[in-house]
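Heads up: take any position in the sequence shown, counting from 1, add 5, and you land on my numbering.
Note that CB positions come from ideal geometry on N, CA and C, so glycine has one too.
A short worksheet on the structure shown next.
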Amino acid sequence: MVALQYVLIAIAVGIALLWLFYAACESQKIDTPNALHILRYGPVLRSAALLVAVGPPMVMACVIWLSTWNSMDRLALAGVSFLATSVAGGFLLFEVEGVQIVLTEQGVIRNARWRREVSIPWTDVEKVGYSTLNRWFVVWASGRAICVSRHMIGVRAFVEMARRKVRLERCAEAAKAMERV
Numbered sequence: 006m007v008a009l010q011y012v013l014i015a016i017a018v019g020i021a022l023l024w025l026f027y028a029a030c031e032s033q034k035i036d037t038p039n040a041l042h043i044l045r046y047g048p049v050l051r052s053a054a055l056l057v058a059v060g061p062p063m064v065m066a067c068v069i070w071l072s073t074w075n076s077m078d079r080l081a082l083a084g085v086s087f088l089a090t091s092v093a094g095g096f097l098l099f100e101v102e103g104v105q106i107v108l109t110e111q112g113v114i115r116n117a118r119w120r121r122e123v124s125i126p127w128t129d130v131e132k133v134g135y136s137t138l139n140r141w142f143v144v145w146a147s148g149r150a151i152c153v154s155r156h157m158i159g160v161r162a163f164v165e166m167a168r169r170k171v172r173l174e175r176c177a178e179a180a181k182a183m184e185r186v
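What follows is the structure, encoded as structure tokens:
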């Protein structure tokens, strides 16, 4: 049983180090000379995401080490539960550390680590929607979508540009949310 505890603690430390490394790696610089605005998440949300990602593995390590386990099955179940929570906590970190939205006169570009760049010209925008669940504006064009969070620094510039560049009826779904920005 002690061997499994050591393995689970090593995994927890490894996950925490992975998230710290990911957060420490600087986002790639956007090479768009005609960028008017670059939207990113702010330092408060980025710090909170790091805590959400690193917290569960550290709690896991403490609980696994300090608790007395009656059976190997319970220890394994606790370890799997903590690992799932640790991985889920990292998804927020992926979003806030890795996504940047570039606004140009020609269109909107999503640049994200580990994913290919998506570019939508303003003339191709079919619809600008809004998701109240996660507070994202969603720009749709021919099967492609770019999500712009209301929590990004510079979201007001996105709203102003979308109002100027996209026809009013195509922004109808997001009109109320755009007014509140």
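Following the DSSP letters along the chain, one finds glycine 148 in no alpha helix (DSSP H), marked with neither H nor E. Bridge partners of leucine 44 according to DSSP: Ile106.
Look at methionine 157 here: in three-state DSSP terms it is strand. Partner residues in the beta bridge of glycine 112, as assigned by DSSP, are Pro126. Taking a C-beta distance under 9 Å as the contact criterion, glycine 60 and histidine 156 do not qualify as a contact pair. Counting only runs that start and end inside the segment 31-100, the alpha helix (DSSP H) elements of at least 4 residues fall at 48-71. Contact between leucine 9 and leucine 80 holds: CB atoms are separated by about 6 Å, below the 8 Å threshold. The beta-bridge partner set that DSSP reports for glycine 134 consists of Val143. Of all alpha-carbon atoms in Thr128, Ala15, Leu50, the one lying nearest the alpha-carbon of cysteine 67 is that of Ala15.
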